[in-house]
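Quick note, the sequence shown lines up with residues -27 to -1, 1 to 408 if you use mature numbering (1 follows the signal peptide of the UniProt record, and there is no 0).
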Amino acid sequence: MPVNEAPWLTRRVEVVFMIVTFLICLASDGLKCKNGGVAPCIGGSSPCERDVNAPSCDDVVTPVVWRDDKERCACVARGDARLLLHVVEVGPSLPPTRSGGSGGHSLERLPIAALVASALKNRSGGVAASSARGGIFGASLFAPLRSEVGLAPSTTGPCAANTSSLKVSYSFDTLLIRPLSSLLRDTESVIPFKNDFFAIQRHLPRLQRVFEQLFSQKARAAAPTRDACSNVHLVILLMVMPGSDASWVNGNPMDIATTLFDAHTYVKKTLTRYLRNKPRYTRLLSSIWYVGVPVGFPVHCGTPDSASDATAPPLRSAYDVEGRKNASVSSAAVVRNITSAFCRAEDANFEVCRAMCQHYEQQVAAYQVANNGLQQIAEEKGGRVGMRSFFLPYRDHFHTALSTRRLYWRDCLQLSRKGDVAVAKSIAASLFAPH
C-alpha cells in the first residue's frame, strides 16, 4: 500500500501552483485592460480610474462576445442588429460680439445637430445593409467600424445568407457653451472631466432616452432570446462649432486649429468617462465609436467687383508666420466691398447686416488661417485617431459662392434657414463621400 511520505510538501506545491496561476491570470487580465479593455476585466474600468488620462482610456472598448458559427448565423438570420447614430454638437450659445446702438443685436448661432440628424436619416434611411454600395460609413477610413458592426460585405462563410443589415436610428444632443474666457476653459466648466453618475442625464438627455428605450425593448423581449443576439452599436458624431469670434477659440489665429482638435479630444474622453460611470448603459452595447467632424469658419468668395473668385488675394497673407496682424495687408481690402454685396439699403435689417459684415471684415483673415490650419491638422493627425474613433478630413461645409449668397445667408455671418439645412446636408455627406 503506497504511503505519501510528505503530504505537507504536496499541499505546499498545490498552494504555490494556485498562487502562480492566479498571478498569471491577473497580469494577463490587467494587460488586456491596459491595451484597450478588449476582454472583461477584473475590477471593471479600474485601470482607467487609476490613469484617467491614458490614451487607451479615451475610447470605450466593450468586452468581446465570442459565438460559434451556429450562434452567429442564427443571430444574422434574426436581423435585429441595431446602429444608434447620435449627433453631439458643442458650440457657443451666443458669441460675445454685439452690434449696433444701445440696444444692440447679438450674433445668432442656431444649433444644427437636429438638422444633421435629419439629413442623415433622409439620406441613409432606417436600414443599412452590407450589400449596399455607397451607403453610410462607406469610405475606406471606416473599414474597421463596418467590420465591427457587420456592414462589411461577405461572400463566403458558414451562414446561408451572408448579407447582414442593421436597423438605424438617429438622435442628437446639443452642448451650449457660454463664451466667457476661451473655448477649452469654458467647455471644461460645462462638462468637467470627472466621475459624474448623472452627467449623461444632465448633458445628454436624448442619449439617455435612447438607452432607456433599449431597456424597455429588452424587458419586453422573450427571456430565451433576450441576450443571445445582443448586437447594438453606438456611433457618436461629434462636432465642435467655433462660432464667429475667432479670438474666443484662441487669441493666436495660428493656434485655432490645434485648439479645435484638442476640444474634440477633450469632449470625446469626457463623454467616455461619463459612459464608464454608467455600466448599466454600456452593457447594452456591443461597441461604441466616435466620429469627429472638423468645422471651420465661413470665408466668402470674391464679391462682384472682383475680376474672379480665383484672383482674390490669399487671405492667409493677412497674418505673418507668428500669427500677428500684418499692417501691410488689410482684411477690408481682401473682402472688397463685402457689405454692399450682402446688404441693401432698402432692406429692413440693413443696419444689422452692415454691423455683421463689419465684424466679418475684422475676423475673416483669422478665419482663413484657422481653416487652413484645420485642413493641415486633419491631414497630419486625422484618420483613425483611437481604437474606436476617427477624425474626418477637413472640408468647407459653408456655401459661400456668389450664386448662393442671397439664398443661404442673411448677412456676412448669419445663415438663413436654407443655409443651415445646406450646411447640415454637407456635414452628413461627409459620412458617405470618399475621403
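Think of the CB as a built atom: it goes at the ideal place given N, C-alpha and C, for glycine as much as any other residue.
Item: Touch test, the stretch 109 to 125 against the stretch 138 to 158, Cβ-Cβ under 8 Å, three pairs minimum; Value: yes
Item: Those residues which DSSP pairs with Ser138 across a bridge; Value: Ala102
Item: For His206, the first and last residue of its enclosing beta strand (DSSP E); Value: 205 to 213
Item: Distance, Glu62 Cα to Val213 Cα; Value: 6 Å
Item: Within 8 Å, strictly: CB atoms of Val205 and Leu180; Value: no
Item: Assigned exposure category for Gly77 - 16 Cβ within 10 Å defines buried; Value: Below a pLDDT of 50, predicted positions are generally treated as unreliable, and Gly77, at 48, falls in that range; no measurement from the model is reported.
Item: Check whether Ala402 and Val89 have beta carbons under 8 Å apart; Value: no
Item: Buried/exposed call for Leu(-5), threshold 16 Cβ in 10 Å; Value: exposed
Item: Within 8 Å, strictly: CB atoms of Ala343 and Phe364; Value: no
Item: Residue environment, Thr147, which counts as buried when at least 16 other CB atoms sit within 10 Å; Value: buried
Item: C-beta contact flag for Val396 and Leu386 at 8 Å; Value: no
Item: Euclidean distance between Cα positions of Asp32 and Cys274; Value: 39 Å
Item: Of the listed residues Pro65, Ala87, Asp24, nearest to Arg390 (C-alpha basis); Value: Ala87
Item: Beta-carbon contacts of Phe371 that lie in its chain and below 7 Å, excluding the five residues immediately before and after; Value: Pro271, Val396
Item: Presumed contact (8 Å Cβ cut-off) between residue 413 and Arg357, rounded CB distance; Value: Since the displayed the chain opens at -27 and closes at 408, residue 413 lies outside it and no answer follows.
Item: Alpha-carbon spacing of Gly64 relative to Arg256, whole angstroms; Value: 30 Å
Item: Simplified DSSP assignment, three categories, for His370; Value: coil
Item: Presumed contact (8 Å Cβ cut-off) between Ala230 and Leu347, rounded CB distance; Value: 4 Å
Item: Runs of alpha helix (DSSP H) wholly within the stretch 219 to 249 (minimum 4 residues, chain order); Value: 219 to 222, 229 to 249
Item: Nearest-angstrom beta carbon gap, Lys241 and Leu211 [assumed within contact, 8 Å]; Value: 6 Å
Item: Minimum C-alpha distance to Ile261 - residue among Thr(-18), Val325, Met360; Value: Met360
Item: Residue environment, Arg182, which counts as buried when at least 16 other CB atoms sit within 10 Å; Value: exposed
Item: For Asp146, the three-state DSSP class (helix, strand or coil); Value: strand
Item: Contacting residues, own chain, Cβ-Cβ under 8 Å from His176 (five flanking each side not counted); Value: Asp146, Leu148, Val163, Ile164, Tyr247
Item: Assigned secondary structure, Pro65 (DSSP; H/G/I helix, E/B strand, else coil); Value: strand
Item: Coarse secondary structure for Gly355, derived from DSSP in three states; Value: coil
Item: Neighbour-count burial assignment, Gln341, 16 or more Cβ in a 10 Å radius; Value: buried
Item: Distance, Gln336 Cα to Leu153 Cα; Value: 19 Å
Item: Thr147 beta carbon near the ligand NAD (any heavy atom closer than 7 Å); Value: Ligands in the displayed structure: none, and consequently the ligand NAD is not present.
Item: Beta-carbon proximity list for Thr312, same chain, < 6 Å, skipping 5 on both sides; Value: Arg327, Cys330
Item: Three-state class that DSSP yields for Ile(-4) in the structure shown; Value: helix
Item: Cβ-Cβ distance between Ser189 and His59 below 8 Å; Value: no
Item: Supposed contact pair Ala101 and Gly107 - C-beta distance, whole angstroms, cut 8 Å; Value: Contact flag wrong, Cβ pair sits at about 11 Å.
Item: Cβ separation of Val264 and Val222, assumed to be a contact under 8 Å, to the nearest whole Å; Value: In fact, because the Cβ distance is near 21 Å, the residues do not count as touching under 8 Å.
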